[in-house]
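Order-wise, the sequence lines are chains A and B. Position 112 (the first sequence) corresponds to 112 in UniProt numbering; numbering is contiguous. Position 80 (the second sequence) corresponds to 80 in UniProt numbering; numbering is contiguous.
There are 2 protein chains.
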Amino acid sequence: MTIDRRSALKARHRRAILDAAGALIAEGGRFSVDQLAERADVSRRTVFNHFASIDDVVTTVCTEMLHVVIDGFRTTVTSGERESMFTDVAGALRVTDVPGIVAYLWRALGGFAPGNPQAAQIFHATVARTCEEMALELARKYPEADPLDAAILVSSLMNGTVAVATHWIAVTATQLDERSRELWHSLLERMIETVRKGY
Amino acid sequence: MTIDRRSALKARHRRAILDAAGALIAEGGRFSVDQLAERADVSRRTVFNHFASIDDVVTTVCTEMLHVVIDGFRTTVTSGERESMFTDVAGALRVTDVPGIVAYLWRALGGFAPGNPQAAQIFHATVARTCEEMALELARKYPEADPLDAAILVSSLMNGTVAVATHWIAVTATQLDERSRELWHSLLERMIETVRKGY
DNA sequence: TGCACGTAGTGCAACGATGCACTTAGTGTA
DNA sequence: TACACTAAGTGCATCGTTGCACTACGTGCA
């Protein structure tokens with residue numbers, strides 16, 4: 001087989017951009033495209049060749065981080081005995097530090113754009129997708145269960161997250177609080193609907 | 001100032017190719033362009049975009065290694081008091097492990113192409129240039145001295161090299177012995193002539 | 001001798017990365 | 001309000017990288 005080095009170059013740069021964004025986000029400061037490009041050792045234009053916008057970059061980074069959570073959850077759920085949804089979720093909590101990862105993500109994002117609604121939206125959208133995937137995983141294993149139960153269980157799995165998020169909101173971006181509540185409500189509704197349709 | 005990322009990309013790939021070649025040479029095996037390209041994580045074609053030939057790559061790697069020797073020698077000679085060429089050469093031997101570096105280079109090159117006259121030629125040509133630069137450095141500091149003395153001193157500085165080279169030749173590539181002797185003779189003549197002309 | 005095969009090296013067209021000039025939009029300031 | 005300034009994002013020409021097909025040459029083998 002032949003390795004496609006043309007794709008390899010693209011992939012390398014894409015990775016470099018994401019890694020740089022992850023580092024910059026973790027450092028807690030806002031950052032510009034120029035900073036991102038410099039950190040990734042690519043040109044500013046290349047960033048826009050790979051991603052539609054800065055938010056696209058950040059969303060991708062967050063999604064990647066939460067995929068760790070999803071993968072861990074999926075492994076726990078699929079490898080465990082069929083007992084009850086509760087034991088699966090409890091097991092996932094023991095194996096993966098879900099609230100820890102998501103809290104880290106949230107704090108980092110808070111630093112990324114304090115007072116910027118974009119940060120909260122990116123966070124909630126990413127976490128929402130993560131929750132949906134986890135709820136779907138549960139529903140696959142327990143098809144006879146009520147989708148509402150799965151959604152609520154996953155929601156409580158993410159509880160630590162919400163607490164941290166709310167805390168951050170209270171401390172640094174009070175004006176987001178109301179919007180945050182709305183987003184979490186709509187998230188729960190979307191989860192139930194998603195599980196019901198089973199994609 | 002603006003960083004030229006176009007050049008940066010080129011430089012990065014050039015470095016990757018040289019590093020890969022250095023590693024492959026050090027590992028002691030022969031290697032093809034394909035191996036080199038794969039190791040450097042660039043396409044085969046890019047190797048030829050940067051270097052005219054495989055020998056060009058190897059020569060560059062060797063030259064870079066010997067620049068360590070040259071730089072160390074130059075520092076010792078220029079920073080030391082003007083006393084005698086002999087003390088300078090002795091000082092350089094104390095500071096830099098000249099025979100060690102060159103012997104390593106030779107063993108590595110021997111592995112690169114056992115039975116291949118190219119290896120010996122690359123080695124001798126590279127070392128010859130190194131010797132010339134060192135002899136020139138000596139002649140600059142002691143312009144009244146006989147170029148022959150400078151050449152012979154540098155030659156003796158490289159003595160460990162010759163010994164190792166001769167040993168390797170005897171063991172693994174006897175057929176190169178005669179050619180090696182010729183090369184070293186012509187090297188000495190060229191050194192003297194070079195110093196005499198002072199470039 | 002003829003032939004398959006591996007490897008060095010080249011020519012070329014397509015694709016990816018880059019520099020630069022440009023528009024757009026938000027923000028602070030006189 | 002007007003204006004300077006900063007940063008996001010776009011269009012385009014150019015340069016660097018890559019895949020692929022090709023030639024040339026040495027080597028082993030029937």
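No residue lacks a Cβ here, since even glycine has one placed at the ideal position from N, Cα and C. A quick note: this is a predicted structure, and the numbers were derived from the prediction, not measured.
Out of the options, point me to the one whose CA is closest to residue i's CA.
i	options	result
A/Arg6	B/Ser43, B/Ile25, B/Glu83 and B/Glu133	B/Ser43
A/Arg14	A/Glu27, A/Glu64, A/Phe31 and A/Arg82	A/Glu64
B/Leu24	B/Arg39, B/Ser53 and B/Arg12	B/Arg39
B/Val61	B/Ala125, B/Asp19, B/Thr78 and B/Phe48	B/Asp19
B/Ile122	B/Ala135, B/Ser53 and B/Glu27	B/Ser53
B/Arg30	B/Val58, B/Ala125 and B/Ala145	B/Val58
B/Ala11	B/Glu27, B/Val47 and B/Val33	B/Val47
A/Arg129	A/Val154, A/Ser84 and A/Asp41	A/Val154
B/Asp34	B/Arg45, B/Glu132 and B/Cys131	B/Arg45
B/Glu133	B/Asp41, B/Asp71 and B/Met85	B/Asp71
A/Asp4	B/Asp41, B/Ser32, B/Met85 and B/Asp4	B/Asp41
A/Pro143	A/Met85, A/Glu27 and A/Gly80	A/Met85
What does residue i reach in chain B if we use C-beta pairs closer than 7 Å?
i	result
A/Ala43	The sequence given here places Ser at residue 43 of chain A; Ala does not occur at that position. Chain B residues near A/Ser43: Arg5.
Would residue i pass as a contact of residue j if the rule is Cβ separation under 8 Å?
i	j	result
B/Leu138	B/Asp88	yes
B/Ala21	B/Leu9	no
A/His67	A/Ile17	no
A/Lys141	A/Arg74	no
B/Val127	B/Ile101	no
A/Thr76	A/Ala92	yes
A/Ala145	A/Ala135	no
>> So within the UniProt domain "HTH tetR-type" (11–69) of chain B, which uninterrupted beta strand (DSSP E) runs reach at least 3 residues, ignoring any that extend past its ends?
In response: List check, beta strand (DSSP E) in window: nothing returned.
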